[in-house]
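Student: Going from the sequence shown to the working numbering is simple: count from 1 and add 153. Where is the CB? At the ideal position from N, CA and C, for every residue including glycine. Got a structure for you, questions after.
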Amino acid sequence: MTAPYVPQIRLYQQWLAEHRDLRFDSYDALWRWSTTELDAFWQSIWDYFGLQSPTPHTAVLARNVMPGASWFPGAQTNYAQQVMRHVQPAHAAGYAAVVSRNEKGRRVELSWPELQRQVASLALHLQAHGVKPGDRVAAYLPNIPEAMVAFLATVSIGGVWSICAPDMGTNAVLDRFRQIEPVVLIACDGVTYGGRDFDRLPVVAELRAALPTVRHVVLHTNLAEGNAERSNALQQAAPCVSFEAATARDDLAVREFEPMWLPFDHPLWIVYSSGTTGLPKPIVHGHGGTLIVGMALKVLHNDIGCSYAPNSRWSCTSGNAHPGCWARSCSRCRCAGPSAPCPQ
154 MTAPYVPQIR
164 LYQQWLAEHR
174 DLRFDSYDAL
184 WRWSTTELDA
194 FWQSIWDYFG
204 LQSPTPHTAV
214 LARNVMPGAS
224 WFPGAQTNYA
234 QQVMRHVQPA
244 HAAGYAAVVS
254 RNEKGRRVEL
264 SWPELQRQVA
274 SLALHLQAHG
284 VKPGDRVAAY
294 LPNIPEAMVA
304 FLATVSIGGV
314 WSICAPDMGT
324 NAVLDRFRQI
334 EPVVLIACDG
344 VTYGGRDFDR
354 LPVVAELRAA
364 LPTVRHVVLH
374 TNLAEGNAER
384 SNALQQAAPC
394 VSFEAATARD
404 DLAVREFEPM
414 WLPFDHPLWI
424 VYSSGTTGLP
434 KPIVHGHGGT
444 LIVGMALKVL
454 HNDIGCSYAP
464 NSRWSCTSGN
474 AHPGCWARSC
484 SRCRCAGPSA
494 PCPQ
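Structure (structure tokens):
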């Protein structure tokens, strides 16, 4: 006989009663406490999820003003570090990190150790090409496992991630990426949509030519046919390294790689406003805030816990045309450990 299901938010309430001697007789009472006792609530979220920092924070909310609020000063975090905490237990439970299927029926499963290896390989590759904390890495990729690998590799070394979908044209992408001055462009050769292949190499070449700050290009061959010919064409227009080569490394440096600790408010990614009243406005989110809010939203509100069970899989049906949607729905779920199906 199976035990009755207990929602994640109920488990959190039980933890509050046991560890904080706090009891709430309704959801409204819990919500009211969370919005009026900010220090106590967010400290409880930090403790409940066991967030890690090599240095202690000196306060929860040091400056309660907007704009300029200062959260968890002194703490250090890294979004990728939180994800990689799950490698061993999730793999031991027998579940993949990412499950992907495209329109052509091609299914890809990425194990947790393989995700970790590819992230480390690409992170070291980016560092070798001069990417430093605070540098922007721009991606022109669809919703595929490679996008998740590229994101985690970028942020693990303190780079700042920003992504646009390959269904966006040159001008729309440049309206966004020109403002953030990326040093690396990670792109794909094309996408499949509605049963048709769309070659995006001309757009990639135009992006490379129009972004003078980009000093390195990594290209993923996403289409099954003609990749060599198109890649050679791009090499002539803008020299690049294949994504497959950049993620192929498997040596001692890769196995010993660890995401670097960063200040709580270190920039994580850049998303954009719609651009209906002018150029899209870049919006920066930090590691710590995105991590702690994401954990509360995904676990307590979406009711997906770190059980490494089939019912903890998170289906990400978002594209990348609105990068904020992809960031919230696809990458955030990795922080608590469930498998992430990524339909392209």
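#1: Enumerate in chain order the residues of its own chain whose CB-to-CB distance from Gln166 is below 7 Å, with the five nearest sequence positions on each side excluded.
#2: Which residue wins for smallest C-alpha separation from Val437, given the options Pro298, Arg289, Met448, Thr366?
#3: Within the same chain, show all residues whose beta-carbon is closer than 6 Å to that of Ala228, passing over the 5 residues directly before and after it, in chain order.
#4: Strictly by DSSP, which residues pair up with Asp350?
#5: On the premise that Leu376 lies in contact with Thr230, defined as a C-beta separation below 8 Å, what is that separation, rounded to the nearest angstrom?
#6: Please tell me whether Pro298 has its Cβ less than 8 Å away from any Cβ of chain B.
#7: Mind checking who Glu262 pairs with in its DSSP beta bridge?
#8: Just to confirm the assignment, what range does the alpha helix (DSSP H) spanning Val437 have?
#9: Does the count of Cβ pairs from the segment 215–229 and the segment 295–308 closer than 8 Å reach three?
#10: For Arg100, which residues of its own chain have a beta-carbon under 7 Å away from its beta-carbon, when the five flanking residues on both sides are left out?
#11: From Val356 to His440, what does the alpha carbon distance come to, in whole angstroms?
#12: Measuring CB atoms only, is the segment 243–259 touching the segment 420–437, in the sense that at least three cross pairs come out at less than 8 Å?
#13: If I'm right that Trp199 touches Ile445 with Cβ under 8 Å, what's the distance once you round it to whole angstroms?
#14: Is the Cβ-Cβ distance between Ala401 and Ser274 less than 8 Å?
#15: CB Phe396 to CB Glu256, shorter than 8 Å?
#16: Ser197: buried (16+ other C-beta within 10 angstroms of its C-beta) or exposed?
#17: Which ranges does the beta strand (DSSP E) cover as unbroken runs of at least 3 residues, wholly within the segment 391–437, from first to last along the chain?
#18: Less than 8 Å between the beta carbons of Ile310 and Ile423, yes or no?
#19: Taking Ile457 as the reference, give the member of Ala156, Met413, Arg163 with the closest Cα.
#20: Looking only at its chain, what residues have a beta carbon closer than 6 Å to the beta carbon of His373, apart from the 5 residues adjacent to it on each side?
#21: In angstroms, rounded to a whole number, what distance separates the CA positions of Val370 and Ala449?
#22: With a threshold of 16 other CB atoms inside 10 Å of the CB of Tyr248, please say whether the residue is buried or exposed.
#23: In whole angstroms, what is the alpha-carbon distance linking Gly312 and Ser187?
#24: If you run the structure through DSSP and keep just helix, strand and coil, what is Arg216?
#25: Less than 8 Å between the C-beta atoms of Leu338 and Ala398, yes or no?
#26: Note down the Cα distance separating Glu171 from Arg368, rounded to an integer number of angstroms.
#27: Measure the C-alpha to C-alpha separation of Glu411 and Ala276 and round it to an integer number of angstroms.
#28: Can you check which of these residues, Arg361, Met321, Arg331, is closest to Phe351 by C-alpha distance?
#29: Among residues of its own chain, excluding the 5 on either side of Leu214, which ones have a beta-carbon nearer than 8 Å to its beta-carbon?
#30: Using a 10 Å radius around the Cβ and a threshold of 16 neighbouring Cβ atoms, would you call Thr430 buried or exposed?
#31: With a CB to CB cut of under 6 Å and the five nearest residues on each side skipped, what residues in its chain are close to Gln497?
Tutor: According to the data block:
#1: Phe177, Leu183
#2: Arg289
#3: Taken in chain order, the residues that qualify are Ser206, His210, Phe417.
#4: Thr345
#5: Not really, about 37 Å apart at Cβ, beyond 8 Å.
#6: Absent from the structure is chain B; it holds one protein chain and no more.
#7: Val252
#8: From DSSP, Val437 is part of no alpha helix (DSSP H) but of the beta strand (DSSP E) over 435–439.
#9: no
#10: This structure does not reach residue 100, given that the chain is present from 154 up to 497, and the question cannot be answered.
#11: 31 Å
#12: no
#13: 6 Å
#14: yes
#15: The answer is no: Cβ separation not under 8 Å.
#16: Classification for Ser197: buried.
#17: 420–425
#18: No, the Cβ-Cβ distance between Ile310 and Ile423 is not below 8 Å.
#19: Arg163
#20: Glu299, Cys341, Phe396
#21: If you take the alpha carbons of Val370 and Ala449, they lie about 36 Å apart.
#22: buried
#23: 32 Å
#24: strand
#25: no
#26: 54 Å
#27: Cα-Cα distance, rounded: 10 Å.
#28: Nearest C-alpha to Phe351: Met321.
#29: The answer, listed in chain order, is Leu191, Asp192, Trp195, Ala222, Ser223, Trp224.
#30: So Thr430 counts as exposed.
#31: Its pLDDT being 48, under 50, Gln497 is placed unreliably in this model, and the value from its coordinates should be taken loosely. The residues are Asn255, Pro295, Asn296, Ile297.
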